[in-house]
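Student: Have a look at the structure that comes next, please.
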Amino acid sequence: HPALIGRHRPFPVTHAAAERWLHHMQLALDSVAQIDPDSKVKMMNFF
């Protein structure tokens, strides 16, 4: 989506930044008890 790209353009997407994003996404998913473990794995594999 063009607007999404535009909003993120100022931020360098390095390997370290991607790993940090994935770490925080994992923490966010783990904080939601209503999401079953299998769905969490599927979502993380999507990213």
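Counted the way this note's numbering counts, the sequence shown spans residues 459 to 505. Built from N, CA and C at the ideal position, the CB exists for glycine as well.
Does any C-beta atom of chain C lie closer than 8 angstroms to the C-beta of A491?
Tutor: Among the chains in the structure shown there is no chain C, since it carries only a single protein chain.
Student: Could you tell me the boundaries of the alpha helix (DSSP H) in which A476 lies?
Tutor: H473 to D488
Student: Taking DSSP as the reference, what is the three-state secondary structure of D494?
Tutor: Coil at D494, not helix or strand.
Student: Kindly indicate the opening and closing residues of the alpha helix (DSSP H) around R465.
Tutor: P460 to H466
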